[in-house]
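Have a look at the structure below before the remarks.
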Amino acid sequence: MAGHSKWANIKFRKAAQDSKRGKLFTKLIREITVSARAGGGDIASNPRLRTAIDKALGANMTRDTIDRAVKRGTGELEGVSYEEIRYEGYAPGGVAVLVDCMTDNRNRTVSEVRHIFSKHGGNLGTDGSVAYLFNKVGLFVFDSAVNEESVMEAAVGAGADDVETADDGAIEVLTAPEAFAAVSAALNDAGLKAEVAELVQRPSNEAPVSEADAEKVINLIDALEELDDVQEVATNASFQEGSAAAG
Numbered sequence: 006m007a008g009h010s011k012w013a014n015i016k017f018r019k020a021a022q023d024s025k026r027g028k029l030f031t032k033l034i035r036e037i038t039v040s041a042r043a044g045g046g047d048i049a050s051n052p053r054l055r056t057a058i059d060k061a062l063g064a065n066m067t068r069d070t071i072d073r074a075v076k077r078g079t080g081e082l083e084g085v086s087y088e089e090i091r092y093e094g095y096a097p098g099g100v101a102v103l104v105d106c107m108t109d110n111r112n113r114t115v116s117e118v119r120h121i122f123s124k125h126g127g128n129l130g131t132d133g134s135v136a137y138l139f140n141k142v143g144l145f146v147f148d149s150a151v152n153e154e155s156v157m158e159a160a161v162g163a164g165a166d167d168v169e170t171a172d173d174g175a176i177e178v179l180t181a182p183e184a185f186a187a188v189s190a191a192l193n194d195a196g197l198k199a200e201v202a203e204l205v206q207r208p209s210n211e212a213p214v215s216e217a218d219a220e221k222v223i224n225l226i227d228a229l230e231e232l233d234d235v236q237e238v239a240t241n242a243s244f245q246e247g248s249a250a251a252g
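Structure below.
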């Protein structure tokens, strides 16, 4: 899993930037609403909704705000109807990019996404052009101070696929999407709080990025994540140590 830790570190950085930009709540509310609409408002039978609510609580969203988002999804309250759309493309250097969106205006969103790709030296691809390079997995990342044996015991016992310690000491747990909720519950029951706990698109192979392209790639990703309709951006970029993106 070479480079996985750097990829996880980029996730940390992106989450911090989202919070500073004030966009995190908007994205979380949309995810809660869409999850409730797709699978109902009961977290016991809707793991996706449970995950979305856990993330919202972790970001200090109030219960009232969460409840309103759920009710908008189930139709108990009126609200905007969002649809999920995925766009695929390439960043400079041949880096594959997946862009998951939730929007109430498909034409607006595709126009904005296409503009960002073009402006930053990339290009929007067709459906299926890069999605095959990614696998959806559950990812938990723990600080190096957390006891690895405790994480392994709880995670593997609940059905995790893999537990690894990265070069920087961070402990990374990978699960199949359907096992995510059970592993999350087991880790919480064991008193183990993950720094990252979410379903992500993980690249099966990484694309090394030259120093010349690193800033271009990260600027494209940043610009995509600035869009209100964008929920998540995944890439298979592997940045060199010391580049702007690797930090």
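Adding 5 to a residue's 1-based position in the sequence shown gives its number in my numbering.
C-beta: ideal position from N, C-alpha, C; glycine also.
Is the region 212-229 touching the region 119-136 in the sense that three or more CB pairs, one from each, lie closer than 8 Å?
-> Yes, the region 119-136 touches the region 212-229.
When burial is assigned at 16 or more other CB atoms within 10 Å of the CB, is residue 198 buried or exposed?
-> Position 193 of the sequence shown, counted from the first residue, corresponds to residue 198. That one is exposed.
Tell me, please, whether the region 88-103 touches the region 209-220 by the rule of three or more beta-carbon pairs shorter than 8 Å.
-> These segments touch.
Does DSSP put residue 239 in a helix, a strand or coil?
-> Position 234 of the sequence shown, counted from the start, is the residue given in the question as residue 239. Strand.
Assign residue 7 to one of two classes, buried (16 or more other C-beta atoms within 10 Å of its C-beta) or exposed (fewer than that).
-> Numbered from 1 along the sequence shown, position 2 holds the residue referred to as residue 7. Residue confidence is low: residue 7 scores 37 on pLDDT, short of 50, so the model does not pin down where it sits. Its coordinate-derived value is still stated next. Label assigned to residue 7: exposed.
May I have the straight-line CA-CA distance separating residue 185 from residue 165, to the nearest angstrom?
-> Along the sequence shown, one-based indexing puts residue 185 at 180. Along the sequence shown, one-based indexing puts residue 165 at 160. CA-to-CA, the gap between residue 185 and residue 165 works out to about 8 Å.
Should residue 87 and residue 109 be called a contact, given that it needs their Cβ atoms to be closer than 7 Å?
-> For the purposes of this step, residue 87 is taken as the residue at position 82 of the sequence shown. For the purposes of this step, residue 109 is taken as the residue at position 104 of the sequence shown. Result yes, Cβ atoms of residue 87 and residue 109 sit closer than 7 Å.
DSSP beta-bridge partners of residue 244 = Here the question's residue 244 lines up with position 239 in the sequence shown. Note: residue 244 sits in a beta bridge opposite 214.
So, are the CB atoms of residue 106 and residue 235 less than 7 Å apart?
-> Stepping through the sequence shown from its first residue, residue 106 is reached at position 101. Stepping through the sequence shown from its first residue, residue 235 is reached at position 230. At a Cβ-Cβ threshold of 7 Å, residue 106 and residue 235 count as neighbours.
Quick one: grab the DSSP three-state call for residue 90.
-> Residue 90 sits at position 85 when you count from the first residue of the sequence shown. Here residue 90 sits in strand by DSSP.
How long is the line joining the alpha carbons of residue 28 and residue 228, rounded to whole angstroms?
-> On the sequence shown, position 23 is the one that residue 28 refers to. On the sequence shown, position 223 is the one that residue 228 refers to. Approximately 13 Å, taken between the alpha carbons.
With residue 176 as the anchor, note down where its alpha helix (DSSP H) starts and where it stops.
-> As a position in the sequence shown, residue 176 is number 171, starting the count at 1. Unbroken run through residue 176 is the beta strand (DSSP E), 176-180; no alpha helix (DSSP H).
With a cut-off of 8 Å, do at least 3 Cβ pairs link the region 175-185 to the region 143-163?
-> Verdict: yes, contact present.
Please report the Cβ distance between residue 142 and residue 207, rounded to the nearest whole angstrom; I am assuming they are in contact, meaning their Cβ atoms lie under 8 Å.
-> Indexing the sequence shown from 1 puts residue 142 at position 137. Indexing the sequence shown from 1 puts residue 207 at position 202. Contact between residue 142 and residue 207 holds: their C-beta atoms lie close to 5 Å from each other, under 8 Å.
Is it right to say residue 39 is buried, meaning 16 or more other beta carbons lie within 10 angstroms of its own, or is it exposed?
-> In the sequence shown, the residue the question calls residue 39 occupies position 34. Residue 39 is buried by the Cβ-count criterion.
Please report the Cβ distance between residue 75 and residue 41, rounded to the nearest whole angstrom; I am assuming they are in contact, meaning their Cβ atoms lie under 8 Å.
-> One-based indexing of the sequence shown puts residue 75 at position 70. One-based indexing of the sequence shown puts residue 41 at position 36. Confirmed, Cβ separation roughly 5 Å.
In DSSP terms, what residue 140 is bridged to | The residue given as residue 140 occupies position 135 in the sequence shown. Residue 140 is bridged to 207.
Tell me whether residue 103 sits in a helix, a strand or coil according to DSSP, three-state version.
-> For the purposes of this step, residue 103 is taken as residue 98 along the sequence shown, with counting starting at 1. Here residue 103 sits in strand by DSSP.
Residues sharing a beta bridge with residue 145, DSSP | Numbered from its first residue, the sequence shown carries residue 145 at position 140. Secondary-structure assignment with DSSP links residue 145 through a beta bridge to 178, 202.
Enclosing beta strand (DSSP E) for residue 167 [first to last residue] | Numbered from 1 along the sequence shown, position 162 holds the residue referred to as residue 167. Residue 167 -> beta strand (DSSP E) spans 167-170.
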